[in-house]
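Below you'll find the structure, written out as structure tokens, and then a few comments.
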Amino acid sequence: MRPARALPYELDAQGAVQSLDASFWILFRNAGDAAAVFQVRSGNVAIGPRTYTVEAHKSVTDSWSAAVLGGSEYDLSVHGPNGFFRAFKGGTDRQRAKLEVRVVYDRDSTDITLHISNRSSQMLKASVFNAYTSKSTKLVLGLGDTDSKTSPLSHTGGWYDLTITVDGDSQFVYRLAGHLEDGEDSISDPIMGGLV
């Protein structure tokens, strides 16, 4: 593990299934002070990677149709600077789990909050696993419900790695990892340094 300089990034990528046409969309947000490049890769080798450059304080949206995805399954991962990572895996069928996850960073308290909304046609039992603490939090979400899960990041130097799964849909996995930039120097990733 090494000291790490502050970086001018504040990134997010939010993905969800569109109920009207079963497409999958991703909103790339850059609230930082420098442009950032995101790359999306698919678990389906027939789908080539896509690259997006997002200016500071801007956002970009793109979508993948059911035809492009090759059916009712999606497996997309978003890669960005300094360990930024999002993974979206699941299905677009009506009976499959559909969650919308919005990330809010609190630079003052060095916390990350996930606002998780149930867009499925039934109640869902979800779990949020924190790779740094090896603990899971359970959430029960009725139709249209939203619940929040806050994780403090001060003990990890701002690094996070959170995985959301859903009972009864073994293919559904959303993973969110990266580093919360608060304008201060920090440390390199403690998991990569073998300290967690």
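Quick note on our numbering: the sequence shown kicks off at 1 and runs consecutively. Ideal placement from N, C-alpha and C gives every residue a C-beta, glycine not left out. These figures come from a predicted structure and were not determined experimentally.
- For a cut-off of 8 Å, the C-beta gap from N82 to L7 is around 6 Å, short enough to register as a contact.
- In the DSSP annotation of this structure, the continuous segment of the alpha helix (DSSP H) that includes L69 starts and ends at A66 to L69.
- Rounded to the nearest whole angstrom, the C-alpha separation of N118 and A4 is 37 Å.
- Boundaries of the beta strand (DSSP E) around R102: L99 to D106.
- Beta-carbon to beta-carbon, L180 and F84 are separated by about 11 Å, too far to satisfy the 8 Å threshold.
- By the neighbour-count criterion, in which a residue is buried when 16 or more other Cβ atoms sit within 10 angstroms of its Cβ, R94 is exposed.
- Judged by DSSP secondary structure, D75 falls within the beta strand (DSSP E) whose first and last residues are E73 to H79.
- Ranked by Cα distance from G142, the first of I116, T150, Y132 and Y160 is I116.
- Residue K89 holds the alpha-carbon nearest to the alpha-carbon of V173 among Y9, Q14, K89 and S42.
- For I112 against Y160, the beta-carbon gap comes to about 5 Å, under 8 Å, which counts as contact.
- Residue environment: T165 is assigned as buried (16 or more neighbouring CB atoms within 10 Å of its CB, all protein chains considered).
- In this structure the stretch 20-27 lies against the stretch 56-71, because at least three pairs of beta carbons, one per stretch, are closer than 8 Å.
- Annotated three-state conformation of H155 is helix, per DSSP.
- Residues Y9, L11, N30, V54, G80 and P81 of the same chain have their beta carbon placed closer than 7 Å to that of A36, with the five preceding and five following residues left out of the count.
- Straight across, the Cα-Cα distance linking K138 with E184 is about 32 Å.
- Between the C-alpha atoms of S72 and R2 there is a straight-line separation of about 43 Å.
- A straight line joining the alpha-carbon of T133 with that of Q122 spans about 30 Å.
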